[in-house]
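Everything in the first sequence is counted per this note's numbering, starting at 37 for the first residue and increasing by one.
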Amino acid sequence: MPHTEDLSDLLKQRLKKLQVLQKKGKTTFAYSFKDKQDIGSVTSKYFKLEASQEGEKAKIGGRIVAFRQHGKATFADVADSSGKIQLYFAADVLGKRYEELSELDIGDIAGFEGLVFKTRRGELSLKVEKYQLLTKSLRPLPEKWHGLKDVETRFRQRYLDLIANPRAREIFSIREKALRTIRNFLNDKGFAEVDTPILQPLYGGATARPFVTHHNALDRDLYLRIAPELYLKRLLIGNMEKVFELGRNFRNEGLSIKHNPEFTMLEVYQAYADYNDMMDLTEKLIKEMVNVASGSLKITYQDKEIDFSKFEKISMIESIEKLGKVKVSFDMNVAELKKIAKNNEIKLQDFWGKGHIINAIFEKLVEPQLIQPTFVTDFPVEVSPLARTNQKDENLAERFELIVFAREVANAFSELTNPIEQRKRFEEQIKTEARDEVPQVIDEDFIKALEYGMPPAGGLGVGIDRLLMILTDSYSIKEVILFPHLRTFE
RNA sequence: GGGCCAUUAGCUAAACCCGGCAGAGCAGCGGACUCUUAAUCCGAAGGUUACAGGUUCCAUUCCUGUAUGGCCUACCA
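See below:
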């Protein structure tokens, strides 16, 4: 039991009430409640009843969220995960048990049996014949009308957000549907869901700082994965032709409106396919997710209409000329490209070559303009260390990103399968991008695996949280993650 | 990491500019009421104004610091 001195009066009252009930031998924390019907199935079965008409008996349970007392009649609202229904307690039905109604409070979890009927005003209700406290609630719920608004409390005590705010429930229901859609979609197409290590002896597949942890028995450091990519490719080498992983990545970087240190990522790999196949797959998958989430391919995000019925396609260099209004090409020398970047207030790093500079120009001048779903293709090889070189231009990679509302939603490429070139790319990357904090090491075991032969393959990554932000019109990533990262304190 | 803003009762919030007894609604408590649904009506409560300092006769209000959160920015394919 919590210490009494720093408790609010409300909590003290409830604790006292609990003790009184327990002294009387009443159940205050029940073990179970069998044969409970979903409120949602009761309401959908009887919604057609006429006012004052009766249905059949039902047994329901849930959290009491409101009371309206009228002397010898009392109304209450009870909610479970499937819905909400009104309860009607009448003194002439309940007799002595009516007098004992005060053992129930708002917030309690309780079970009810009685006759389903519609009131004179047409509200579907349960005329309670038996009721039973299942769990006594000791703390007051947030306000019934305004709900819970304090952002910090909403995220720290998400359960209160879910109890009080219907919108929170909707968002996480959409999230659940979206995840199910991904699994069904890929299962139907013959992809196998796999689980690869989250604790990795080396990290790779992206550039980001990792979280470091320690295995005591082996006495060695391990990293929480920043991406599953290199393990999934090992599966392609192991003759698993179509695999996907839907899981958490961890990146030890700053927090923002679109960054949480752990986030959900979908990665899909298909042997004998290339980035054009992945583009096709991406478009179909995203369309299905949008449709499932909103029932339409046109949605509104932050007051802008986004139309998922058609996906634009443009190459990076083309987009810079068309939307960025500057001409860039790999025929220019580095000095010329740096000048363009400088003119547009783009910060450059010393080690950057043409590819990085062009990519930076794209991100600054073009990306913010890409609101409608757009595949941007043909990224510079220099910023695509795991992608295969474009057959027509060795400066470019067979890679695309799907941009929606200026955000990268998906990233895919024809996978680099040549172990000799892969080693070169890694070496290049380490030379130029060496980070001070954590050493970058080549994953020799991955190179070794490639040396056994990886089939040609297309790979795709989708940032699920960012996509869900768009699907649920959420401004912050915290809105779509059940327990977003917040500083903890005593 | 840097900048701006916020923190008042369990919840939603007023007063803060321009210093003078912190005012409500909901929830809770007592009472009336047998079809209400943000029920209604009557009554009595509930506050270390995030925390620690400072200025002042007087601080929720002005100043400084700390904590937490939000937004912007930086880092982050």
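The C-beta atom is built at its ideal place from N, Cα and C for all residues, glycine as well.
Residues of the same chain with a CB within less than 6 Å of the CB of A66, apart from the 5 flanking positions on each side, are L170 in chain order.
Cβ-Cβ separation between K166 and E149: approximately 4 Å, consistent with a contact (criterion under 8 Å).
In the structure shown, the three-state DSSP call for L302 is strand. I145 is positioned such that its CB atom lies no closer than 8 Å to that of F103. Our two residues, T232 and L196, have alpha carbons roughly 34 Å apart in a direct line. Straight-line measurement puts the Cα of A127 at about 54 Å from the Cα of L282.
Distances from the CA of N201 to each of K213, A214, V187 were compared; the closest alpha carbon is that of V187. Its chain contains R270, I273 as the residues whose beta carbon lies nearer than 6 Å to that of A485, once the 5 sequence neighbours on both sides are disregarded; these appear in chain order.
In the structure shown, Q73 falls within a strand segment according to DSSP collapsed to helix, strand and coil.
Nearest to S365 by C-alpha distance, out of V230, L359, L373, is L373. Here I342 is buried: its Cβ has 16 or more other Cβ atoms, across all protein chains shown, within 10 Å. With contacts defined as CB atoms closer than 8 Å, I439 and P416 fail to qualify as a contacting pair. Excluding its 5 nearest sequence neighbours in each direction, E437 has C-beta neighbours in its own chain below 6 Å: V412, E444, N447, listed in chain order.
By the neighbour-count criterion, in which a residue is buried when 16 or more other Cβ atoms sit within 10 angstroms of its Cβ, D414 is buried. Along the stretch 71-147, the alpha helix (DSSP H) occurs as fully enclosed runs of 4 or more residues at 75-82, 127-130, 132-135, listed in sequence order.
Rounded to the nearest whole angstrom, the C-alpha separation of K400 and F227 is 36 Å. In terms of Cα proximity to Y311, the closest of V326, K467, T425, E457 is T425. At the C-beta level, P176 and L317 stay beyond 8 Å of one another. Annotation for K108: A127 place their beta carbon closer than 6 Å to its own, counting only its chain and skipping 5 residues before and after. Secondary structure in the stretch 395-475: the beta strand (DSSP E) runs of 3 residues or longer, each lying completely within the stretch, are 410-413, 435-440, 443-450 in chain order.
A residue is called buried once 16 or more other Cβ atoms fall within 10 Å of its Cβ, and W388 is buried on that count. Sequence-distant partners of L321 (beyond 5 residues in either direction) whose C-beta falls short of 6 Å from its own C-beta, in its chain, are F221.
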